[in-house]
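A.B. asks:
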Amino acid sequence: MSTSKQESNESTTQESLRLTNFLRDIMEEDLRAKKFGDAVIQTRFPPEPNGYLHIGHAKAICIDFGLADEFGGKTNLRFDDTNPEKEEQEYVDSIMKDVRWLGFEWERLCYASDYFDQLYEWALKLIRDGKAYVDDLSAEEIREHRGTLTEPGRNSPYRERPVEENLDLFQRMAKGEFPDGSRVLRAKIDMASPNVNMRDPVMYRILHASHHRTGDKWCIYPMYDYAHGQSDSLEQVTHSMCTLEFADHQPLYRWYIEQLGIFPSQQIEFDRLNLTYTLLSKRKLLQLVQEKRVNGWDDPRMPTISGIRRRGFTPEAIRNFCASIGASRTNGSTDIEMLEHFQREDLNRRVPRAMAVLRPLKVVIDNYPEGKEELVEVANNPEDKSAGVRQVPFSREIYIEQDDFREVPPPKYYRLSPGKEVRLRNAYFITATRVVKDAAGSVVEVHCTYDPASRGGNSPDGRKVKSTIHWVSAARAVEAEVRLYDKLFSKADPGEFEEGESYLSNLNPNSLEVIANAKLEPSLAEAKAGDRYQFERVGYFCVDPDSRPGRLVFNRTLPLKDTWAKIEKKAGA
Ligand code: ATP
Ligand code: MG
24 MSTSKQESNE STTQESLRLT NFLRDIMEED LRAKKFGDAV IQTRFPPEPN GYLHIGHAKA
84 ICIDFGLADE FGGKTNLRFD DTNPEKEEQE YVDSIMKDVR WLGFEWERLC YASDYFDQLY
144 EWALKLIRDG KAYVDDLSAE EIREHRGTLT EPGRNSPYRE RPVEENLDLF QRMAKGEFPD
204 GSRVLRAKID MASPNVNMRD PVMYRILHAS HHRTGDKWCI YPMYDYAHGQ SDSLEQVTHS
264 MCTLEFADHQ PLYRWYIEQL GIFPSQQIEF DRLNLTYTLL SKRKLLQLVQ EKRVNGWDDP
324 RMPTISGIRR RGFTPEAIRN FCASIGASRT NGSTDIEMLE HFQREDLNRR VPRAMAVLRP
384 LKVVIDNYPE GKEELVEVAN NPEDKSAGVR QVPFSREIYI EQDDFREVPP PKYYRLSPGK
444 EVRLRNAYFI TATRVVKDAA GSVVEVHCTY DPASRGGNSP DGRKVKSTIH WVSAARAVEA
504 EVRLYDKLFS KADPGEFEEG ESYLSNLNPN SLEVIANAKL EPSLAEAKAG DRYQFERVGY
564 FCVDPDSRPG RLVFNRTLPL KDTWAKIEKK AGA
């Protein structure tokens with residue numbers, strides 16, 4: 024543990040932080056030009072309910088909801104539930120909880136499945152207009168016919184089916200007359216298009232699967248590309264923001280809307296959030312959960328919203344972080360330290376301080392009266408006078424951190440060592456006199472004397488000490504389990520691995536350390552799940568829901584040291 028170091032106080036980040044970004048510029052311009060008439064900005068956040076939301080989704084949420092809010096617009100939460108095999112109610116519930124926790128409320132709650140009837144009608148229209156056909160090729164054959172980035176595709180032999188036959192086959196597909204995978208409905212666009220997405224994309228596939236909302240009503244399901252733009256259009260979404268990997272799909276998005284002559288929602292792509300030491304892919308996060316490499320979606324090491332919430336992160340810090348990274352048109356990577364910096368800054372301002380000793384070493388103050396207890400006054404938050412003060416009991420036997428004592432101090436070690444005097448935070452000066460060791464030769468107890476005149480932490484003779492350490496009264500200590508988290512992956516890019524290995528080999532084997540019996544000051548006895556504290560000199564902590572009466576469990580949100588502030592300073596910012 025390093026000596027006390029307060030956080031940087033620079034206030035670059037406030038709730039109102041609003042960096043310009045190109046999305047806001049587009050909205051401003053569209054409103055000015057009345058591109059959508061007098062309509063207000065309408066956006067949507069369209070998660071697929073096939074996993075829990077992660078910090079990347081938080082960025083999309085802050086963009087979709089945050090920008091609409093700025094312009095007095097509205098945002099729908101729309102579940103993109105077109106893939107019944109992977110979707111579950113549990114995910115739907117968690118997504119709603121997480122969006123609200125981040126501080127946003129949707130205008131309407133929608134589901135792509137609400138539009139299955141309309142999408143089906145529109146498919147029939149495209150068939151009648153000669154713009155869609157039923158294809159009997161297998162998935163494999165369709166892939167072969169698609170061509171490559173450098174070679175055009177080839178037409179399917181079923182491409183010129185008469186309209187009547189297409190109508191008949193498609194309706195029978197919907198009635199369940201054909202097995203899974205035997206036929207698809209495809210848009211009839213251009214197999215030679217330089218954009219592979221325009222080479223007669225599949226609109227519907229046959230899938231005899233129960234849907235979490237429509238049950239067994241459908242055995243054909245629309246593809247994402249066919250459902251998404253039309254859903255936007257039905258909700259009169261003006262600005263449909265999505266991540267850059269959909270840029271090549273935009274011509275198709277427009278094509279469907281144009282062919283159907285419906286409300287012209289506009290798709291705009293922005294950069295995906297990539298964070299160092301972090302994987303943001305629901306598929307991989309699901310694998311970590313299923314293989315029990317973490318303890319569930321809300322494991323505090325996970326980059327999920329539920330994970331970082333449990334770890335003690337705050338919605339305010341996440342929103343400030345998202346505002347600060349903004350949006351751009353090229354993908355990049357963001358240092359995880361930056362997210363942590365915003366979190367520390369928020370916690371530093373708001374959370375009460377407390378004294379907790381993670382790895383206790385007993386200190387006996389020989390000249391302090393046995394059985395005596397006095398209360399010392401401690402500020403709850405030096406950053407916030409209104410947080411008031413509290414009384415902390417002091418007594419003859421206390422605990423300090425093992426790291427705060429060295430029998431043989433290395434150079435520049437200013438904390439407690441034999442003959443050396445230090446300040447016990449808000450209490451007294453003490454000087455170490457002798458140690459007690461166990462059979463193995465480890466120090467198990469340090470004996471000290473104190474200076475009664477230094478009460479409150481200052482000596483009337485103006486004597487200086489070089490170090491202030493925290494402590495907890497041994498008689499009154501509350502025991503707690505403390506879970507210390509480190510990065511889940513040990514590589515900055517967890518997706519980089521040796522041949523024959525996978526990202527799993529980059530898992531950090533030391534990402535969780537459990538301390539069974541930390542000693543906390545007694546005021547923490549009543550702490551409730553979700554309560555946050557700064558343990559002085561140690562870090563930010565949050566009470567875990569695993570806590571039981573008489574058995575508190577704390578998660579370390581972050582250690583105190585702000586490496587991002589250092590990175591910024593180094594960069595000369
Ligand atoms: P994943 O790749 O993790 O499975 P996804 O894009 O398939 O994510 P969706 O549920 O489809 O997940 O995402 C909903 C919205 O969130 C989409 O608009 C998507 O572009 C956006 N989104 C997903 N991941 C990120 C990210 N890392 N950064 C920014 N936006 C993201
Ligand atoms: Mg997706």
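Residues in the sequence shown are numbered consecutively from 24, following this note's numbering. Using N, Cα and C, we set each Cβ at its ideal position, and we do this for glycine too. Predicted, not measured: the structure shown is a model, and the values here were computed from it.
1) Could you please give me the residues that DSSP links to His-77 through a beta bridge?
2) Look up Leu-283 in the DSSP assignment and say whether it is helix, strand or coil.
3) For Gln-253, which of Arg-101, Glu-397, Val-380 has the nearest alpha-carbon?
4) Could you tell me if the beta carbon of Glu-93 falls within a distance shorter than 8 angstroms of some heavy atom in the ligand ATP?
5) Since Tyr-75 and Thr-327 should fall inside the 8 angstroms C-beta cutoff, what is the C-beta to C-beta distance between them, to a whole number of angstroms?
6) To the nearest angstrom, report how far apart His-234 and Arg-182 are at their CA atoms.
7) Let me check you understand the geometry: is the CB of Glu-258 closer than 8 angstroms to at least one non-hydrogen atom of the ligand ATP?
8) If we ignore side chains and look at the alpha-carbon of each, how far apart do Thr-299 and Thr-357 end up?
9) Compute the Euclidean distance between the alpha carbons of Glu-111 and Asp-255, then round it to the nearest angstrom.
10) Using the Cβ count rule (16 or more neighbours within 10 Å means buried), how would you classify Val-431?
11) How about Gly-79: is its Cβ closer than 8 angstroms to a heavy atom in the ligand ATP?
12) If we count the other Cβ atoms within 10 Å of its Cβ and call it buried at 16 or more, is Thr-171 buried or exposed?
13) Would Asn-32 be called buried (16 or more neighbouring beta carbons within 10 Å of its own) or exposed?
14) Please indicate yes or no: does the CB of Cys-133 lie closer than 8 angstroms to some heavy atom of the ligand ATP?
15) Going straight from the alpha carbon of Val-115 to that of Pro-72, what length do you get?
16) Kindly list the residues whose CB is nearer than 7 angstroms to the CB of Thr-35, restricted to its own chain and excluding five residues on each side of it in sequence; keep chain order.
17) Could you give the distance in angstroms between the alpha-carbon of Phe-193 and the alpha-carbon of Arg-47?
18) Heavy atom of the ligand ATP less than 8 angstroms from the Cβ of Gly-252, yes or no?
19) Could you tell me which residues DSSP puts in a beta bridge with Cys-133?
20) Give the DSSP-derived three-state secondary structure of Asn-578 in the structure shown.
21) Let me make sure I understand the geometry here. Which of Ile-280, Tyr-247, Glu-524 has the alpha-carbon closest to that of Cys-265?
22) Can you find a heavy atom of the ligand ATP that lies under 8 angstroms from the Cβ of Leu-362?
23) To test your reading of the DSSP string, which unbroken alpha helix (DSSP H) runs of 4 or more residues are found completely within the region 201-242?
24) Counting only the same chain and skipping the five closest in sequence on each side, list residues whose C-beta sits under 7 angstroms from that of Leu-381.
25) Nearest-angstrom Cα distance between Lys-436 and Phe-428?
26) Taking buried to mean at least 16 other C-beta atoms within 10 Å of its own C-beta, is Arg-131 buried or exposed?
27) Please report the residue range of the beta strand (DSSP E) in which Ala-155 lies.
28) For Lys-593, which residues of its own chain have a beta-carbon under 6 angstroms away from its beta-carbon, when the five flanking residues on both sides are left out?
29) In or out: Asp-140 buried (at least 16 other Cβ within 10 Å) or exposed?
30) Suppose contacts are defined by Cβ-Cβ distances below 9 angstroms. Is Met-221 in contact with Pro-180 by that definition?
31) Could you check if Ser-418 belongs to the surroundings of the ligand ATP, using beta carbon to heavy atom distance under 8 angstroms?
32) Considering only heavy atoms of the ligand ATP, does any lie closer than 8 angstroms to the CB of Phe-597?
33) Just curious, the beta strand (DSSP E) that Gln-414 is in, first and last residue?
34) Could you tell me which residues DSSP puts in a beta bridge with Phe-512?
35) Do the CB positions of Gln-414 and Leu-398 come within less than 9 angstroms of each other?
36) Three-state secondary structure (DSSP) at Ser-263?
C.D. replies: According to the structure data:
1) Bridge partners of His-77: Thr-327.
2) Correct three-state label for Leu-283: helix.
3) For Gln-253, the nearest C-alpha among the options comes from Arg-101.
4) Outside the cutoff, so no.
5) That belief holds up - the Cβ atoms of Tyr-75 and Thr-327 are roughly 4 angstroms apart, short of 8 angstroms.
6) Just so you know, the alpha carbons of His-234 and Arg-182 end up roughly 30 angstroms apart.
7) Glu-258: no, Cβ never under 8 angstroms from the ligand ATP.
8) Rounded to whole angstroms, Thr-299 to Thr-357 spans 6 angstroms at the Cα level.
9) Answer to the nearest angstrom: the Cα atoms are 22 angstroms apart.
10) Val-431 counts as exposed, since fewer than 16 other C-beta atoms from the protein chains shown sit within 10 angstroms of its C-beta.
11) Yes, since a heavy atom of the ligand ATP falls inside the 8 angstroms radius drawn around the Cβ of Gly-79.
12) Answer is exposed; the Cβ neighbour count stays below 16.
13) A caution first: Asn-32 carries a pLDDT of 34, below 50, which makes its placement in the model unreliable, though a value can still be read off. Exposure of Asn-32 is indicated by the presence of fewer than 16 other C-beta atoms within 10 angstroms of its C-beta.
14) Answer for Cys-133: no, Cβ out of range of the ligand ATP.
15) Rounded to whole angstroms, Val-115 to Pro-72 spans 5 angstroms at the Cα level.
16) Bear in mind that a pLDDT of 39 at Thr-35, under 50, signals an unreliable position, so the number given afterwards is only what the model happens to contain. Answer for Thr-35: no residue qualifies.
17) Rounded to the nearest angstrom, the two C-alpha atoms are 42 angstroms apart.
18) When distances are taken from the beta-carbon of Gly-252 to the heavy atoms of the ligand ATP, even the shortest one reaches 8 angstroms or more.
19) Its beta-bridge partners are Arg-101.
20) Reduced to three states, the DSSP call for Asn-578 is strand.
21) Ranking Ile-280, Tyr-247, Glu-524 by Cα distance to Cys-265 puts Tyr-247 first.
22) Judged by the Cβ position, Leu-362 fails to qualify as a neighbour of the ligand ATP at the 8 angstroms threshold, every heavy atom of the ligand being at least this far.
23) Counting whole runs of 4 or more residues, the region 201-242 contains no alpha helix (DSSP H) stretch at all.
24) Excluding positions up to five away in sequence, the list reads Glu-424, Val-505, Ile-538, Ala-541, Val-561.
25) In the sequence as displayed, the identity of residue 436 is Tyr instead of Lys. Cα to Cα, the separation comes out at about 9 angstroms.
26) Arg-131 comes out exposed.
27) Where Ala-155 is concerned, the enclosing beta strand (DSSP E) stretches over 155-158.
28) None.
29) Exposed, since its Cβ has fewer than 16 Cβ neighbours within 10 Å.
30) Contact annotation: Met-221 and Pro-180 have beta-carbon atoms that are not nearer than 9 angstroms.
31) For the ligand ATP, no non-hydrogen atom lies closer than 8 angstroms to the CB of Ser-418.
32) The structure shown does not extend to residue 597, since the chain is modelled only from 24 through 596, so no value can be given for it.
33) For Gln-414, the enclosing beta strand (DSSP E) covers residues 412-418.
34) Looking at the DSSP assignment, Phe-512 forms a beta bridge with Leu-530.
35) Judged by their CB atoms, Gln-414 and Leu-398 are nearer to each other than the 9 angstroms cut-off.
36) Three-state DSSP puts Ser-263 in a strand.
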